[in-house]
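J.:
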Amino acid sequence: MTIKKIFSLGLLVFLPISLAAHYLGFTPLIVFLTSAIAIIPLAIWLSTATEEIAVVTGPSIGGLLNAIFGNATELIIAIVILKEGLIDIVKASITGTILSNLLLVMGLSMFLGGLKYKEQEFQPVVARVNASSMTLAAIALLLPTAVIYTSKVVEPSANRNLSISVAIVLILVYIATLIFSLKTHGYLYDVSVVELEEEIKEAHGEPPNMKLWVGVLVASTIGIAVISEQLVGSLEEATAGLGLSPYFTGVILLPLIGGAAEYVTAITVALKNDMELSVSVAMGSSLIIALFVAPLLVLVGQAIGQPMDLDFDVFQVIAVAIAVGIANLISLDGRSNWLEGILLLATYLILALAFYFHPVGAIAG
Amino acid sequence: MTIKKIFSLGLLVFLPISLAAHYLGFTPLIVFLTSAIAIIPLAIWLSTATEEIAVVTGPSIGGLLNAIFGNATELIIAIVILKEGLIDIVKASITGTILSNLLLVMGLSMFLGGLKYKEQEFQPVVARVNASSMTLAAIALLLPTAVIYTSKVVEPSANRNLSISVAIVLILVYIATLIFSLKTHGYLYDVSVVELEEEIKEAHGEPPNMKLWVGVLVASTIGIAVISEQLVGSLEEATAGLGLSPYFTGVILLPLIGGAAEYVTAITVALKNDMELSVSVAMGSSLIIALFVAPLLVLVGQAIGQPMDLDFDVFQVIAVAIAVGIANLISLDGRSNWLEGILLLATYLILALAFYFHPVGAIAG
Amino acid sequence: MTIKKIFSLGLLVFLPISLAAHYLGFTPLIVFLTSAIAIIPLAIWLSTATEEIAVVTGPSIGGLLNAIFGNATELIIAIVILKEGLIDIVKASITGTILSNLLLVMGLSMFLGGLKYKEQEFQPVVARVNASSMTLAAIALLLPTAVIYTSKVVEPSANRNLSISVAIVLILVYIATLIFSLKTHGYLYDVSVVELEEEIKEAHGEPPNMKLWVGVLVASTIGIAVISEQLVGSLEEATAGLGLSPYFTGVILLPLIGGAAEYVTAITVALKNDMELSVSVAMGSSLIIALFVAPLLVLVGQAIGQPMDLDFDVFQVIAVAIAVGIANLISLDGRSNWLEGILLLATYLILALAFYFHPVGAIAG
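Chains as they are written, first to last, in our numbering: chain B, 556 to 920; chain D, 556 to 920; chain A, 556 to 920.
1) Using C-beta distances below 6 Å, list every residue in its chain close to residue 570 of chain D, excluding the 5 sequence neighbours before and after it, in chain order.
2) Quick one: what's got a C-beta closer than 6 Å to residue 576 of chain D's C-beta in the same chain, skipping five residues either side?
3) Flag residue 543 of chain D as yes if its beta-carbon sits less than 9 Å from any beta-carbon of chain A, otherwise no.
4) Along chain A, which residues have their Cβ under 7 Å away from the Cβ of residue 909 of chain B?
5) Where does the unbroken alpha helix (DSSP H) through residue 586 of chain B begin, and where does it stop?
6) Are the beta-carbon atoms of residue 833 of chain B and residue 624 of chain B separated by less than 9 Å?
7) Note down, in chain order, every chain B residue with its Cβ under 7 Å from the Cβ of residue 735 of chain A.
8) For residue 808 of chain A, count the other beta carbons within 10 Å of its own beta carbon; 16 or more makes it buried, fewer makes it exposed. Which is it?
9) Hey, residue 633 of chain D and residue 852 of chain D are a contact pair by Cβ (cut 8 Å); roughly how many whole angstroms apart?
10) For residue 674 of chain A, which three-state DSSP category applies?
11) Just to confirm the assignment, what range does the alpha helix (DSSP H) spanning residue 813 of chain B have?
12) So, do the region 862 to 879 of chain B and the region 870 to 879 of chain D have three or more beta carbon pairs nearer to each other than 8 Å?
13) What is the DSSP secondary structure of residue 833 of chain B, counted as helix, strand or coil?
14) From the DSSP secondary-structure annotation, give me the bridge partner or partners of residue 891 of chain D.
15) Using a Cβ-Cβ cut-off of 9 Å, state whether residue 575 of chain D counts as contacting chain A.
16) Would you verify that the beta carbon of residue 589 of chain A is, or is not, closer than 9 Å to some beta carbon of chain B?
17) If residue 926 of chain D and residue 637 of chain D are in contact, beta carbons under 8 Å, what's the gap, nearest whole angstrom?
18) Residue 688 of chain B CB to nearest chain D CB: under 9 Å?
19) Cutting at 7 Å between CB atoms, please list the residues of its own chain near residue 722 of chain B, excluding the five before and the five after it.
20) Exposed or buried, which one is residue 612 of chain D when buried takes at least 16 other CB atoms within 10 Å?
21) Rounded to whole angstroms, what is the Cα-Cα separation between residue 719 of chain A and residue 629 of chain D?
22) On the three-state DSSP scale, how would you describe residue 711 of chain B?
23) Could you tell me whether the region 691 to 698 of chain B touches the region 800 to 814 of chain B, using the rule of 3 or more Cβ pairs below 8 Å?
24) Along chain A, in chain order, which residues have C-beta atoms closer than 8 Å to that of residue 695 of chain D?
25) Using the C-alpha atoms, what's the distance from residue 911 of chain B back to residue 715 of chain A?
26) Please classify residue 916 of chain A as buried or exposed, where buried requires at least 16 neighbouring CB atoms within 10 angstroms.
27) Relative to the C-alpha of residue 661 of chain B, which residue among B:846, B:845, B:841 is closest?
28) Restricting to runs no shorter than 4 residues, where is the alpha helix (DSSP H) found entirely within the region 614 to 696 of chain D?
29) How many Å lie between residue 665 of chain A and residue 735 of chain D at the Cα?
30) Pull up the distance between the alpha-carbon of residue 919 of chain B and that of residue 568 of chain D, whole angstroms please.
31) Have a look at B:642, B:682, B:897, B:651 and flag the residue whose alpha-carbon is nearest the alpha-carbon of residue 831 of chain B.
32) Our contact map puts residue 898 of chain B next to residue 687 of chain A with C-beta atoms below 8 Å; I'd like the distance itself, whole angstroms only.
33) Taking residue 561 of chain B as the reference, which of B:599, B:647, B:580 has the closest Cα?
34) At a Cβ cut of 8 Å, what residues of the region 867 to 888 of chain A count as close to chain D, listed as they run along the chain?
35) Excluding the five sequence neighbours on either side, which residues of its own chain have a C-beta within less than 6 Å of the C-beta of residue 905 of chain B, listed in chain order?
36) Report the residues of the region 652 to 666 of chain A with a CB closer than 9 Å to any CB of chain D, ordered along the chain.
Below, the structure written as structure tokens:
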């Protein structure tokens, strides 16, 4: 935990720098880069605060808090982008977050963990429930695309109604998975929650200071909203300057910024041979994105007059199907080694190459 | 068994009602609805008669009988529709029966069973053989579509020849699975057959009356053929009156009518914690549809001058691939809980929504 | 081993026959057929020589040798075809080799082995690593197709750059799997290597004669290059004369010729109940094709001015996805029986039918 804290305290210096860059009228590229770096420590502090508060409140409320604030950074960034009307980039960042959690985070954890330990184990029951839920979520997210792709003409209203209906079903399924993991079958997950709590307790030797951490939670949430505005405002000009398509930015760059907290946690615990928790973080995070964040964005989009449907372009559908398939294949047996990490990372790399070489216009689907 | 019998005896009253509705010239909607309800008890009696006769004849002939009469209702309805030349609806009902068995029946069984028992187990060996056969069957059924979809021009004769060749291969594979389950590896399946027999014996305490049940078998088979004619005759007008596309009717409504017997059996035994038999019924039933009923319809279609190929539309292909994939994923480990039931049901619901919102014209492929 | 040797010595008589046919100006059909038969014993001797030399050099260098010479026949034939500029046939033969190894070879092994033994077992850990690598390789090979298929216009240069990048990533992954299997996790594979060595030792009772086998290796390699030229030279005319499309030739016929050695080995050891080695040969061989031969051909194509990209046509993509999916499903549990063999063979047969009926023009993608 200490390395993580030093790292995230150090990066906080980019918070004033990025604000200065924005208000002093620096080039969009500089505003974009400094904002991107500034969000990383905020995301880590938000996530740390959620975990610390969870230790005090106990597993049930803690689980709920985690379900809500666990991917708050991604959610905030996505809502800011949605408000700007950049709906294709929101969609691309949903796809990209799922890809980076399943392939990059899990791949790095298995690779680095596997270099240190010959074979690492985790409970296959949880992996199995996660794999099934993740598969359902991927299917649900991508079906509207299939409907549109396989029929010549689709009325926009039918597409919107289908997307809204699917979004509601997904949120209900998400509530069901919460009931399953927190109430009826909590014992399956207990190990990892207890481990996390002990790890946190061990780190200070005393119970966490509730007021302090609520403060951190609020402060980092506000910080992320503020900085996200700058990030999104400078996004298009900055990435165009770098020669990157908005497509590549949405699928590859944004998830790296928003998901920093999960990356640090997952890799840290993998190096402590707690592959159980590491896989949980990576899979759980993509699950929250697919079952909660994405459908919420559909409903929020309706509310704020930026109606977002679930019509992703076909290549994103293929990429998510590939990521879910290979992540299931590798995680279902409850064991990992460095080669499996390499395979996940290579899949991510090849998909990133494909998105890089994919013609810019393709984002229009 | 008793609840099932009372239920199916009660519903028999719709048999004269639907006949009256038809001959007294009631509206197509009423004829359709009463015929639909009247078929349900007939299907249940047909299936009960098959099981009772199997107790007397022993597992080998019983297995054969079950293989032939197990999905007789679906087969009869499909042949009647085929005779009318409504080939797209036949195809849609094949897709729909596979979807409803794998997702709705298995989902309801796992959900309701899982509410009563924390975790339910079944033999993974049988699930594995079923999963592989089901995957092969899905592939085989859907390959002709892929051939047509990926090539600009296909001569109708090539399509027909391919469909007939594939149909013959599938029926040969079906015979192989029968030899496997009844002769060379019968011991893998023995448990469920023995359980079913004991359950039936227990229910009366005496061996079943052979003559009586053969009579029931013949009577219910005739009943279904007769009522199916009415059902199909009123189908198009009735569903148009309800604002449903023939597509939705074929994929969602017809399988609910034809598969009632399996639903009742699968859920009843799941509530008795016999998940083994429940999964067997659901998976076995889709297997018979894909390996035997569908190819038989191709050959029957040739014989009666209503040539049916296996060119499904692409969205049906996607739906079947999704259903087989998630059913395999959930069943392969030999365990189930209520959340897995919910996941299957949610997949079914989302697919049904997609078929509902899918533009009507899509059935033409 | 003795049957294999008699068989492959007997077939050597076709070597002078095919040379005579070529130089005496026989019809292309006769040249093609005799060359095809002549390659089979050469491929078997090449593979035997590699195995014998591996016994002397020990597992590490032996593994490397096997990685390089294991699929030399396929590689030589492919390079000769590539040199002729028949790029679509090279691609088709890559697809076809993967299909025939995963479905035909593994299917025949499981079927024939399963007729002799009720249930055969093999180590699931190796199957799992193979399944994941095979899935990655299939994904990687087929992604460029997906990129092109899902976007309206793709610059040829983007396609070529993507194909080259992917080829390099694949070769790096291949090196990683070699390090995994030969260095860090060699113990997982030891059993099969030791078994193979013992089998070879047992066959002569003395250590193999190094000089002799290096001579065989060189001679059979040269023989294959020479005969391949004749084979490829007569290919187009001969198959057109038989009424076969170049597509069918590439996907079905060529892999049967090039892969003869693997077929004989895999089936021989399956009949000795060494399913471990049999599955290893079949899966390992497709893995080498996908991770090493195919990317090498992309790079070789660049070098010799016959640039080959990885844009397969969509139907080949579907076929490979199906083959990898069903092979994983059947092999992942580490057990096999004759029905699983039948299922693999039926999948191969159905795919072959589809390729046979697929319109000729489709090879253009």
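Glycine included, C-beta positions come from ideal geometry on N, C-alpha and C.
None of the values given here were measured: they were computed from a predicted structure.
T.: Once the coordinates are examined:
1) As a first step, residue 570 of chain D is located in the second sequence; it is residue number 15 there, counting from the start. Apart from the 5 residues on each side of it in sequence, residue 570 of chain D sits with its Cβ closer than 6 Å to the Cβ of 593 in its chain, given in chain order.
2) The residue given as residue 576 of chain D occupies position 21 in the second sequence. Same-chain partners within the cutoff: 585, 586, 589.
3) One cannot answer for residue 543 of chain D here, as it falls past the ends of chain D, which runs 556 to 920.
4) As a position in the first sequence, residue 909 of chain B is number 354, starting the count at 1. Here the neighbours are 698, 702, 717.
5) Taking the first sequence and counting its residues from 1, the one referred to as residue 586 of chain B is at position 31. Here the alpha helix (DSSP H) through residue 586 of chain B covers 583 to 612.
6) Locating residue 833 of chain B in the first sequence gives position 278, counting from the first residue. Locating residue 624 of chain B in the first sequence gives position 69, counting from the first residue. No, these two residues do not count as a Cβ contact at 9 Å.
7) Counted from its first residue, the third sequence places residue 735 of chain A at position 180. 894, listed in chain order.
8) For the purposes of this step, residue 808 of chain A is identified with residue 253 of the third sequence, where counting begins at 1. It is buried - the Cβ of residue 808 of chain A has at least 16 other Cβ atoms within 10 Å.
9) Position 78 of the second sequence, counted from the first residue, corresponds to residue 633 of chain D. Position 297 of the second sequence, counted from the first residue, corresponds to residue 852 of chain D. Rounded, the Cβ-Cβ distance is 6 Å, consistent with contact.
10) In the third sequence, counting from the first residue as 1, residue 674 of chain A sits at position 119. Here residue 674 of chain A sits in coil by DSSP.
11) As a position in the first sequence, residue 813 of chain B is number 258, starting the count at 1. That run of the alpha helix (DSSP H) goes 809 to 813.
12) No, the region 862 to 879 of chain B does not touch the region 870 to 879 of chain D.
13) Start at 1 with the first residue of the first sequence, and residue 833 of chain B comes out as number 278. Here residue 833 of chain B sits in helix by DSSP.
14) Position 336 of the second sequence holds residue 891 of chain D. DSSP, once it has assigned bridges, lists D:675 as partnering residue 891 of chain D.
15) What you label residue 575 of chain D is simply residue 20 of the second sequence in a count that begins at 1. Residue 575 of chain D does not count as touching chain A.
16) Here residue 589 of chain A corresponds to residue number 34 of the third sequence, with the count starting at 1. No - not a single Cβ of chain B is within 9 Å of the one on residue 589 of chain A.
17) The question about residue 926 of chain D has no answer, for chain D in this structure spans 556 to 920.
18) Walking along the first sequence from the start, residue 688 of chain B turns up at place 133. Chain D, which has a Cβ nearer than 9 Å to the Cβ of residue 688 of chain B, makes this yes.
19) For the purposes of this step, residue 722 of chain B is taken as the residue at position 167 of the first sequence. Excluding positions up to five away in sequence, the list reads 850, 853, 854.
20) For the purposes of this step, residue 612 of chain D is identified with residue 57 of the second sequence, where counting begins at 1. Exposed, since its Cβ has fewer than 16 Cβ neighbours within 10 Å.
21) The residue you call residue 719 of chain A lines up with position 164 of the third sequence. The residue you call residue 629 of chain D lines up with position 74 of the second sequence. The alpha-carbon of residue 719 of chain A is positioned some 52 Å away from that of residue 629 of chain D.
22) For the purposes of this step, residue 711 of chain B is taken as residue 156 along the first sequence, with counting starting at 1. Residue state, collapsed to three classes: helix.
23) no
24) The residue labelled residue 695 of chain D in the question sits at position 140 within the second sequence. Result: 901, 902, 905.
25) The residue you call residue 715 of chain A lines up with position 160 of the third sequence. The residue you call residue 911 of chain B lines up with position 356 of the first sequence. Using only the alpha carbons, I get a separation of about 13 Å.
26) The residue you call residue 916 of chain A lines up with position 361 of the third sequence. Reliability fails at residue 916 of chain A, whose pLDDT of 43 lies under 50, so the model's placement of it is uncertain and the value that follows must be treated cautiously. Classification for residue 916 of chain A: exposed.
27) Against the first sequence, residue 661 of chain B aligns to sequence position 106. Of B:846, B:845, B:841, the residue nearest in Cα terms is B:841.
28) 614 to 624, 627 to 638, 642 to 654, 661 to 671
29) As a first step, residue 665 of chain A is located in the third sequence; it is residue number 110 there, counting from the start. As a first step, residue 735 of chain D is located in the second sequence; it is residue number 180 there, counting from the start. For residue 665 of chain A and residue 735 of chain D, the distance between alpha carbons rounds to 14 Å.
30) In the first sequence, residue 919 of chain B corresponds to position 364, counting from 1. In the second sequence, residue 568 of chain D corresponds to position 13, counting from 1. Legend: pLDDT at residue 919 of chain B = 36, less than 50; position of this residue unreliable, value from coordinates given subsequently. Approximately 57 Å, taken between the alpha carbons.
31) Indexing the first sequence from 1 puts residue 831 of chain B at position 276. Of the listed residues, the one whose Cα sits closest to residue 831 of chain B is B:682.
32) Here the question's residue 898 of chain B lines up with position 343 in the first sequence. Here the question's residue 687 of chain A lines up with position 132 in the third sequence. Indeed, because the Cβ distance is near 5 Å, the residues count as touching under 8 Å.
33) On the first sequence, position 6 is the one that residue 561 of chain B refers to. Of the listed residues, the one whose Cα sits closest to residue 561 of chain B is B:599.
34) 868, 869, 870, 873, 877, 880, 881, 884, 885, 888
35) As a first step, residue 905 of chain B must be located in the first sequence, where it is residue number 350. Closer than 6 Å at Cβ, skipping near neighbours: no residue.
36) none
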